[in-house]
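Chains as they are written, first to last, in the numbering used here: chain C, -15 to 298; chain F, 9 to 69.
The beta carbon of each residue, even a glycine, is placed where N, CA and C say it ideally should be.
Because the structure is a prediction, the values reported are computed rather than measured.
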Amino acid sequence: MAARSPLYYSGGEILTATNLDTVVDQVVRAYGQNPGVTLTVVSSGGDAKFEMTDTRYKAGAVSVGDGAYLPPGQTPDIEAIETIASNITETVASVSQPAASSNPRSFPVYYNSSNEIQAMTETDFIDTFIKPALDTIVADNSAGEYFVSTLSTITGATRVSATPIFVDTRADETLYDNVGITGETLDQPKTVNSYYLFQRDAGDTQYGETGWVDLMYIDTDGSLRVYSDSDISALFGNYVRYAASNTVGARLSYSINGEGTTKGTGIIDTVLDGTSAEGYTEGGISPSNYYYAQEFPNGEPTALTTYYLKLTTY
Amino acid sequence: MAIKVGTDTVITDLKALNGITGTDDTTQTAINNAIVAVDNKLVIKDATGTAVKTIYGGQSA
């Protein structure tokens, strides 16, 4: 089986379609209206394949020297705090094979190698219209896809949840400024960025737009008929949802840093890049002649890990 | 020499039918079989390859 060049009706003639881009766009739209693979934002306990780690440093414990400051080598180091973000679950719809599969006249017609007009098989139909649409959803900014942004609103898309899927925190270096004789609070973070999950809205219908072709099927008496908009829309909608969740090679799957195309902005986990010793700070001296010192998070912000939401077919 | 029915010419001197208003079953069958014999056809098949309709037509020389 293979992709076919479907026939269409135009101005009293039956023609072979050579460009199906507009029709495929309609399939993409149909997917966007009722996706077969959906992502949900949860407060915790999401799928393992979406886990990300936020890392930040906290100050080391204060050191106390009797009569002199302890050197950096004897003052506790800064420590990394790692928080696992597990905020996304993926749901693959349980979709039965559409009823059209049992009718050998359901699908659009094409010229076979004997120049006969023949209805596509289900596999032909999927190869011709559905797989290209799902490939488009993977490759481009398409209806129904999920993507990541730091914005709270985006035209043409809907934020899935006000709960971020990842919060990048980092030591707030401006707060580590006074060891005193008690030491600074060890963990003093700030939020650098919050990342949200969005879903792109379905676009406008493509019926009658430039490039649209009136596909035909075989009716009950063997005649050729042009699909009504509602009939072809149902056929596309049912099958793109079915294939996205069932058809090997066309099924959609999201992940973090897995295979596929990046959807949206990269999710950057930043830390301060200074060494612990570089953050060594001498503090106060107590009346008992104890000397206090501490090592603070310091340096410039740097990306420790960048995560990407990926979409692929499998 | 043309053939006339009454005053109407039905076959012209150039051997063309002229002014024929109908055909009987035998003639219809003969014409239909002649068109089918040319075998210029359009076959419509369902997805299983079963022909659901065959349409015959004339063929230009």
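For the set C:Thr107, C:Thr166, C:Gly51, C:Gly221, the Cα lying nearest the Cα of Gly233 of chain C is the one of C:Thr107. Counting C-beta atoms within 10 angstroms of its own C-beta, Ser126 of chain C has 16 or more neighbours from the protein chains shown and is therefore classed as buried. Shown here, Asn177 of chain C sits in a strand according to DSSP, grouped into three states. Put simply, of C:Val122, C:Ser207, C:Asp61 the residue whose alpha carbon is nearest the alpha carbon of Pro19 of chain C is C:Val122. Counting other Cβ atoms within 10 Å of its Cβ, Leu25 of chain F stays below 16 and is therefore classed as exposed.
For Lys49 of chain F, the uninterrupted beta strand (DSSP E) segment begins and ends at 49 to 53. In chain order, Gln102 make up the part of chain C whose C-beta sits under 8 Å from the C-beta of Gly57 of chain F. Ile39 of chain F: member of the alpha helix (DSSP H) spanning 33 to 46, first to last residue. By a beta-carbon distance limit of 8 Å, Asp257 of chain C does not contact Glu279 of chain C. Their separation comes to about 15 Å.
Within the stretch 200 to 256 of chain C, the runs of beta strand (DSSP E) at least 3 residues long that lie entirely inside it are, in chain order, 200 to 202, 208 to 210, 236 to 240, 251 to 256. Spanning the alpha carbons of Glu157 of chain C and Gly263 of chain C requires a straight line of approximately 10 Å. Contact note: Gly206 of chain C reaches chain F through Ile52, Val60, Lys61, using a C-beta cutoff of 7 Å and chain order.
Less than 8 Å divides the Cβ of Ser145 of chain C from the Cβ of Val25 of chain C. At least 8 Å separates the CB of Phe150 of chain C from every CB of chain F. With a cutoff of 8 Å on beta-carbon distance, Ala1 of chain C and Tyr(-8) of chain C are scored as near each other. With contacts defined as CB atoms closer than 8 Å, Val11 of chain C and Val224 of chain C qualify as a contacting pair.
Contact between Leu23 of chain C and Tyr130 of chain C holds: their C-beta atoms lie close to 5 Å from each other, under 8 Å.
The count of Cβ pairs closer than 8 Å, one atom from the stretch 210 to 227 of chain C and one from the stretch 61 to 70 of chain C, stays below three, leaving the stretches out of contact. Residues of chain F with a Cβ closer than 9 Å to the Cβ of Pro116 of chain C do not exist; the shortest Cβ-Cβ separation is about 20 Å. The CB of Phe91 of chain C comes closer than 7 Å to the CB of Ala55 in chain F, given here in chain order. Beta bridge pairing from DSSP links Arg143 of chain C with C:Phe182. For Thr59 of chain C, the secondary structure class from DSSP, reduced to helix, strand or coil, is coil.
The beta-carbon of Ile216 of chain C is placed no less than 8 Å from the nearest beta-carbon of chain F. Looking at the DSSP output, Met36 of chain C bridges to C:Ala69.
With contact defined as three or more Cβ pairs closer than 8 Å, the stretch 97 to 116 of chain C and the stretch 44 to 57 of chain C are not in contact. Counting C-beta pairs closer than 8 Å gives three or more between the stretch 87 to 107 of chain C and the stretch 198 to 211 of chain C, which meets the contact rule. Taking a contact as a CB-CB distance under 8 Å, the pair Pro173 of chain C and Arg13 of chain C does not count as one, their CB atoms being some 43 Å apart. Under the DSSP assignment, Tyr94 of chain C falls in the beta strand (DSSP E) whose first and last residues are 93 to 95. Shown here for Gly242 of chain C: same chain residues with a beta carbon closer than 8 Å to its own, the five before and five after excluded, namely Lys33, Lys294, Thr296 in chain order.
The beta-carbon of Ile202 of chain C is placed less than 8 Å from the nearest beta-carbon of chain F. Put simply, of C:Thr73, C:Ala103, C:Gly(-5) the residue whose alpha carbon is nearest the alpha carbon of Ala(-13) of chain C is C:Ala103. Ranked by Cα distance from Pro148 of chain C, the first of C:Ala141, C:Thr139, C:Leu135 is C:Leu135. Leu50 of chain F places its beta carbon less than 8 Å from that of Ile63 of chain F. For Pro88 of chain C, the nearest CB of chain F lies under 8 Å from its own CB, placing it at the interface with that chain. Within 10 angstroms of the beta-carbon of Val13 of chain F lie fewer than 16 other beta-carbons, which makes it exposed.
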